[in-house]
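There are 2 protein chains.
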Amino acid sequence: MSDSKPKFRRESPEHRREQLIEATLRVIARKGVSAATVREISAEAGVAFSLIRHHFRTKEDLMYAAYSYHMRKMAHLSLSSATDVSRPIADRVRQCVRDTLSAPVASGEGLQIWAGFIQMVPHDARMKQIHIDTYLGFRDALEPLITEALRAQGAPADPKTVEEKAIACNAVLDGLWLEGSMLPEMLPAHRLTDVAETTLFAILGLSPTD
Amino acid sequence: MSDSKPKFRRESPEHRREQLIEATLRVIARKGVSAATVREISAEAGVAFSLIRHHFRTKEDLMYAAYSYHMRKMAHLSLSSATDVSRPIADRVRQCVRDTLSAPVASGEGLQIWAGFIQMVPHDARMKQIHIDTYLGFRDALEPLITEALRAQGAPADPKTVEEKAIACNAVLDGLWLEGSMLPEMLPAHRLTDVAETTLFAILGLSPTD
DNA sequence: CTGTTTGTTGCACAATCGTGCAGCAAACAT
DNA sequence: ATGTTTGCTGCACGATTGTGCAACAAACAG
Numbered sequence: 001m002s003d004s005k006p007k008f009r010r011e012s013p014e015h016r017r018e019q020l021i022e023a024t025l026r027v028i029a030r031k032g033v034s035a036a037t038v039r040e041i042s043a044e045a046g047v048a049f050s051l052i053r054h055h056f057r058t059k060e061d062l063m064y065a066a067y068s069y070h071m072r073k074m075a076h077l078s079l080s081s082a083t084d085v086s087r088p089i090a091d092r093v094r095q096c097v098r099d100t101l102s103a104p105v106a107s108g109e110g111l112q113i114w115a116g117f118i119q120m121v122p123h124d125a126r127m128k129q130i131h132i133d134t135y136l137g138f139r140d141a142l143e144p145l146i147t148e149a150l151r152a153q154g155a156p157a158d159p160k161t162v163e164e165k166a167i168a169c170n171a172v173l174d175g176l177w178l179e180g181s182m183l184p185e186m187l188p189a190h191r192l193t194d195v196a197e198t199t200l201f202a203i204l205g206l207s208p209t210d
Numbered sequence: 001m002s003d004s005k006p007k008f009r010r011e012s013p014e015h016r017r018e019q020l021i022e023a024t025l026r027v028i029a030r031k032g033v034s035a036a037t038v039r040e041i042s043a044e045a046g047v048a049f050s051l052i053r054h055h056f057r058t059k060e061d062l063m064y065a066a067y068s069y070h071m072r073k074m075a076h077l078s079l080s081s082a083t084d085v086s087r088p089i090a091d092r093v094r095q096c097v098r099d100t101l102s103a104p105v106a107s108g109e110g111l112q113i114w115a116g117f118i119q120m121v122p123h124d125a126r127m128k129q130i131h132i133d134t135y136l137g138f139r140d141a142l143e144p145l146i147t148e149a150l151r152a153q154g155a156p157a158d159p160k161t162v163e164e165k166a167i168a169c170n171a172v173l174d175g176l177w178l179e180g181s182m183l184p185e186m187l188p189a190h191r192l193t194d195v196a197e198t199t200l201f202a203i204l205g206l207s208p209t210d
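As given, the protein sequences belong to chains Y and P, one line each in that order. Take 1 as the starting number for the first sequence in full-length UniProt numbering and just add one per residue. Take 1 as the starting number for the second sequence in full-length UniProt numbering and just add one per residue.
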């Protein structure tokens, strides 16, 4: 019984970093940012708490990485359908709405993570940059949909109009996502998607029966 | 020189509580929730840090009080114009939009406070109740405006329709408030109000020139 | 002027935080 | 087998946190 039970497993830096990031997000989702201490996170990941500092220079660095990781993931979940050009425009809008306003994107856990990070944005340049990238990325992904929707009905689709409508659509989805994640029993997913579809169609001038 | 310079001033419990609450909000706005320690808050208020526990059983209690206080104030700033029935409906909508999407309601400081508290909502029943009260209060204040707007153009204003449009309008304002507070240089107040007015009018079916 | 009330201070306490560092051991080359 | 690399552990450190408690003093009644 010499080495029958190794005391720990060595992982590649990339893999271990991802494990730590995901453990961070789970802890924040479950107990909030203030509970996301290096000790709690490493316990969640099943490693010694001093390991974190071997893969991340400071705890702040881990937070940046986790925020960026989470936002990238959410954006992908929300938008992957929107870029599928083979489907009709109204379908793509509807699918994007559904993906954005139901779990796992819209959820108490997701909200908890988002809110925990968002409060760092006003004071932290790196956090702010991550937010800007995410926000503009989402809006930019919306614009082709909007252009197409406007053109389909012969409406003018100049850049200024499209951008303003993208801001509006983004705001609707943001607001509904927020309230739906906060009060899921009061605003269940099907309710949110109904309101969102109606509103987006009204903004875009699409017929509700499209 | 016996009592020429009293070491401190005694205040009424109500007044002192309010001072501490406002100091709490200032600290959170300036440095974030994590910096809102009892020592930092009492320094901001100019009192000994142990005084907080004389007026609030725990620090959590102070946080509840501060959240409730802040939300009540913001709601009043946003909605005070909406209830003035002597003005035309389109004017009231416009004024409500302006009040909600410009300072001090929409601001980095306001966002910081809001985000700091919002992350406590999913885990804390009392925080959640404060949020529900605020959210429903805002939505309920919106509903008369919507009913009136629909009736003015002869559209059906059944409760279900009104509620759904209230949810939608609230989401638009929430979303724009959020992004405007986060990225004021990218989305200045006049930009937000333009988008909001256009969008709300589209939801309500009002003519843009109203 | 004296006594009472209670708002207020000052200090100490245990708990918990992020970080620093020396040494162990798993994986791999030789 | 043996040596090297480096992912990983274990522990201790100073700083900071919310809280508990005894003493002080401002305001007021008599």
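For each residue, glycine too, the CB sits at the ideal point set by N, CA and C.
Thinking just about the alpha-carbon of each residue, which of Leu204(Y), Ala125(Y), Glu148(Y) is nearest to the one in Ser86(Y)?
Glu148(Y)
Which residue wins for smallest C-alpha separation from Val27(Y), given the options Leu150(Y), Glu40(Y), Asp140(Y), Phe138(Y)?
Glu40(Y)
Could you have a look at Val97(Y) and say whether DSSP puts it in helix, strand or coil?
helix
Give the residues of chain Y in contact with Val172(P), contact being defined as C-beta atoms less than 8 Å apart.
Ala168, Ala171, Val172, Gly175, Thr199
How is the alpha helix (DSSP H) around Gly110(P) delimited, first residue to last?
108-118
Using only CA atoms, which one of Lys128(Y), Asp140(Y), Met120(Y) lies nearest to Val162(Y)?
Asp140(Y)
Output needed in chain order: residues of the stretch 121-136 of chain Y with a Cβ under 7 Å from some Cβ in chain P.
Val121, Pro122, His123, His131, Ile132, Tyr135
Between Leu35(Y) and Val97(Y), which are expected to be in contact by the criterion C-beta below 8 Å, what is the C-beta distance as a whole number of angstroms?
Inspection of the sequence shows that residue 35(Y) is occupied by Ala rather than by Leu. Their Cβ separation, rounded to whole angstroms, is 33 Å, which puts Ala35(Y) and Val97(Y) out of contact at 8 Å.
Name the chain P residues that come within less than 7 Å of Ile118(Y), Cβ to Cβ?
Ala115
Suppose you measure from the CA of residue 243(P) to the CA of Ala48(Y); what does that come to, to the nearest Å?
Here chain P has residues from 1 to 210 only, and residue 243(P) is not among them.
Check the C-beta distance from Ser81(P) over to Arg92(P) and give it rounded, since I have them as a contact under 8 Å.
6 Å
N- and C-terminal bounds of the alpha helix (DSSP H) containing Met133(P)
Per the sequence presented here, residue 133(P) reads as Asp, with Met not at that position. Asp133(P) -> alpha helix (DSSP H) spans 125-152.
Short of 7 Å in beta carbon distance, which residues of its chain neighbour Glu179(P), apart from the five on each side in sequence? Order them along the chain.
Leu187
Does Leu25(Y) get closer than 7 Å to chain P when you measure Cβ to Cβ?
no
Anticipated Cβ contact below 8 Å, Met74(P) with Gly110(P), distance rounded
7 Å
For Lys165(Y), does the count of other Cβ atoms within 10 angstroms reach 16, so buried, or fall short, so exposed?
buried
Would Ile203(Y) pass as an interface residue toward chain P - the criterion being a Cβ-Cβ separation below 7 Å?
yes
Can you grab the Cα-Cα spacing for the pair Pro144(Y) / Gln95(Y), in whole Å?
15 Å
Residue from Gly175(P), Leu142(P), Asp174(P), Ala171(P) with nearest C-alpha to Pro159(P):
Leu142(P)
For Val121(P), collect the residues of the same chain with a Cβ closer than 6 Å to its Cβ; drop the 5 residues on either side in sequence, then sort them by chain order.
Met127, Lys128, His131
I'd like to know if Gly108(Y) contacts chain P, where contact means its C-beta is closer than 7 Å to some C-beta of that chain.
yes
Counting only beta-carbon separations shorter than 7 Å, does Gly32(P) have a partner in chain Y?
yes
How about Ile118(Y) and Ala65(Y): do their beta carbons lie closer than 7 Å?
no
Length of the line joining the Cα atoms of Ala24(P) and Gly137(Y):
First, the amino acid is wrong: residue 24(P) is Thr here, not Ala. For Thr24(P) and Gly137(Y), the distance between alpha carbons rounds to 35 Å.
Measuring straight from C-alpha to C-alpha, what distance separates Ala168(P) and Leu150(Y)?
21 Å
What separation, rounded to the nearest whole angstrom, lies between the Cα atoms of Leu206(P) and Ser181(P)?
27 Å
So with Cβ pairs under 7 Å, would you call Gln153(P) a contact of chain Y?
no
Going along chain Y, which residues have a C-beta under 8 Å from Glu164(P)?
Asp194, Val195, Thr198
Using a Cβ-Cβ cut-off of less than 8 Å, list which residues of the stretch 178-189 of chain Y approach chain P; keep chain order.
Leu178, Glu179, Met182, Leu183, Met186, Leu187
When you compare the CB of Gln112(P) with every CB in chain Y, is at least one pair closer than 7 Å?
yes
Looking at chain Y, is there any beta carbon in it that lies within less than 7 Å of the beta carbon of Ser2(P)?
At Ser2(P), the pLDDT of 46 sits below 50, so the modelled position is not reliable; the number obtained from the coordinates is stated separately. Ser2(P) does not count as touching chain Y.
Looking only at its own chain, which residues have a Cβ that is under 6 Å from the Cβ of Leu192(Y), when we skip the five neighbours before and after it?
Leu101, Leu176, Gly180
What would DSSP say about Phe201(P), mapped onto helix, strand or coil?
helix
Per-residue burial, Ile146(P) [other beta carbons within 10 Å of its own, 16 or more giving buried]
buried
How big is the Cα-Cα spacing for Met71(Y) and Ser42(P)?
36 Å
Euclidean distance between Cα positions of Tyr135(P) and Asp174(P):
10 Å
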